[in-house]
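Numbered according to our numbering, the first sequence terminates at residue 768, and the numbering increases by one at each position without gaps. To start, the structure itself, in C-alpha cells.
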Amino acid sequence: MRHRKMEPIINHEWDLNEKEAVKLQQELSLKVTKEDRFPEIQYVAGVDVAYSEQSDLLVAAIVILDASSLQVVESIVVEDAVHFPYIPGLFSFRELPPIVKALKQIKTSPQLVVCDGQGIAHPRRFGLASHLGVIFDIPTIGCGKTRLWGEFEEPSRERGACSLLMDHEEVIGGALRTQDNIKPLFVSVGHRISLETACNWILKLCPQYRLPETTRQADQLVRKALSQINQGSI
DNA sequence: GCGACAG
DNA sequence: ATCTTGTCGC
C-alpha cells in the first residue's frame with residue numbers, strides 16, 4: 535500500500551500575540567464546514583499532548599487506528615518547546631504546533647481525526663479541532679472532557695444519551711454519554727462532519743471506556759514518553 | 001469588580 | 001495539563 539504524507543493547505547504564522555490570534559480565528563472560522571464531507575473512513579487518528587514539569591516542553595502523539603478493529607496501526611511522538619501560554623479560547627495556538635509537526639510525519643493518512651478539546655463549541659466557533667481540520671482540510675471531531683462554551687441539560691444516564699450544547703439559539707455541540715452512568719463528553723463539529731455523525735463515531739470509538747480509544751491510546755503514549763524524558767533529565 | 005475558563 | 005494519598009465503590 536502506498537501512502538502520501540499529510541500536508542497543510544494553510545500555513546500560517548504561529549508566533550502571534552493574543553489579539554492577532556483572535557483575529558486569525560475569526561478569519562479561519564469562516565472556512566469550517568459543518569456537514570458530512572468525507573470518503574469511506576478506513577483510518578481514524580487520535581491526538582493528545584502532555585506537558586513537562588515546568589511547562590516548557592510539550593509532547594504530542596498521533597495514533598492511527600483501523601476504523602473497524604480499533605487497533606493501532608501507526609503512532610508517533612514528537613517534542614516541542616512551548617511558544618504560547620494556556621489561554622481558554624486560544625488553546626490551539628499552544629498545542630497545534632507539535633501536533634502539526636507530528637501529522638506531517640505520519641505515513642498512514644487518516645480520513646478522520648478525533649481531538650482532545652472542542653471544535654465549534656467555542657466562543658468564536660474555532661476550537662482546536664476546527665483549527666486542525668481547516669488547516670489540513672480534513673474531517674475532525676472535537677471531543678472534550680469538560681465544557682468550554684454553551685449551556686446544556688443533563689443527558690439521561692444511559693450510554694448514547696445526548697443533550698444539545700446551545701449558545702442562545704445556536705446548536706454548537708452535544709453532551710454525549712458514552713457509558714451508562716458516566717459523566718458525558720462534549721462533542722462538537724470540528725470540520726467536514728455533522729454533529730450527528732460525529733456523535734455516532736465517538737460512540738463507536740468508546741466500546742468500553744468513557745474516552746474514545748483514539749484519545750486513550752494517544753494519552754498513553756505521551757504519558758510514557760514524558761516519564762522517560764523526565765527520568766533522563768534527572 | 002466578579003465569576004467562568006478546552007488542556 | 002500537572003502537583004499528589006488515600007479512599008469509596010463495583
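C-beta atoms are modelled at their ideal positions from N, C-alpha and C, and glycine is treated no differently. The structure displayed is predicted, hence computed values, not measured ones.
Task: Contained beta strand (DSSP E) runs [length at least 3] in the region 565 to 608, N- to C-terminal order - done: 577 to 585, 591 to 600
- [ ] Please confirm if the region 589 to 603 is in contact with the region 650 to 668, defined as three or more CB-CB distances below 8 Å between the two stretches.
- [x] no
Task: Under 9 Å between C-beta atoms of V607 and I675 - done: no
- [ ] Check whether the Cβ atoms of R681 and L737 lie closer than 9 Å to each other.
- [x] no
- [ ] Go ahead and pull the three-state DSSP assignment for S722.
- [x] strand
Open item on the list: Out of K717, T748, I727, which one is the CA nearest neighbour of K679?
Closed with: K717
Task: Residue from I544, D614, Q713 with nearest C-alpha to A759 - done: D614
Open item on the list: Quick check on the burial criterion: 16 or more other C-beta atoms within 10 angstroms. Buried or exposed for L564?
Closed with: exposed
Task: Sequence-distant residues of the same chain with beta carbon closer than 8 Å to E552, five excluded per side - done: I621, L624
Open item on the list: Restricting to runs no shorter than 4 residues, where is the alpha helix (DSSP H) found entirely within the region 623 to 681?
Closed with: The alpha helix (DSSP H) runs lying completely inside the region 623 to 681 and spanning 4 residues or more are 626 to 637, 662 to 670, given in chain order.
Task: Host beta strand (DSSP E) of E704 (start-end) - done: 704 to 710
Open item on the list: For the structure I just gave you, are there three or more beta carbon pairs, one from the region 561 to 580 and one from the region 690 to 710, closer than 8 Å?
Closed with: no
TODO: Taking only the alpha-carbon atoms, compute the straight-line gap between A636 and C740 and give it to the nearest angstrom.
DONE: 24 Å
Task: Continuous alpha helix (DSSP H) stretch holding D753: start and end - done: 747 to 766
Open item on the list: Whole angstroms are fine: how far does the CA of G684 sit from the CA of T656?
Closed with: Note that residue 656 is His in the sequence shown here, rather than Thr. One C-alpha to the other measures close to 8 Å.
Open item on the list: Applying the 10 Å Cβ sphere with the 16-neighbour rule, what's the burial state of R691?
Closed with: exposed
- [ ] Decide if S589 is buried, meaning its Cβ has at least 16 other Cβ atoms within 10 Å, or exposed.
- [x] exposed
- [ ] Buried or exposed for S603, please, with buried defined as at least 16 other CB atoms from any protein chain shown within 10 angstroms of its CB.
- [x] Per the 10 Å Cβ criterion, exposed.
Open item on the list: Given this structure, state the Cα-to-Cα distance separating E587 from L550, to the nearest angstrom.
Closed with: One alpha carbon belongs to E587, the other to L550, and they sit about 24 Å apart.
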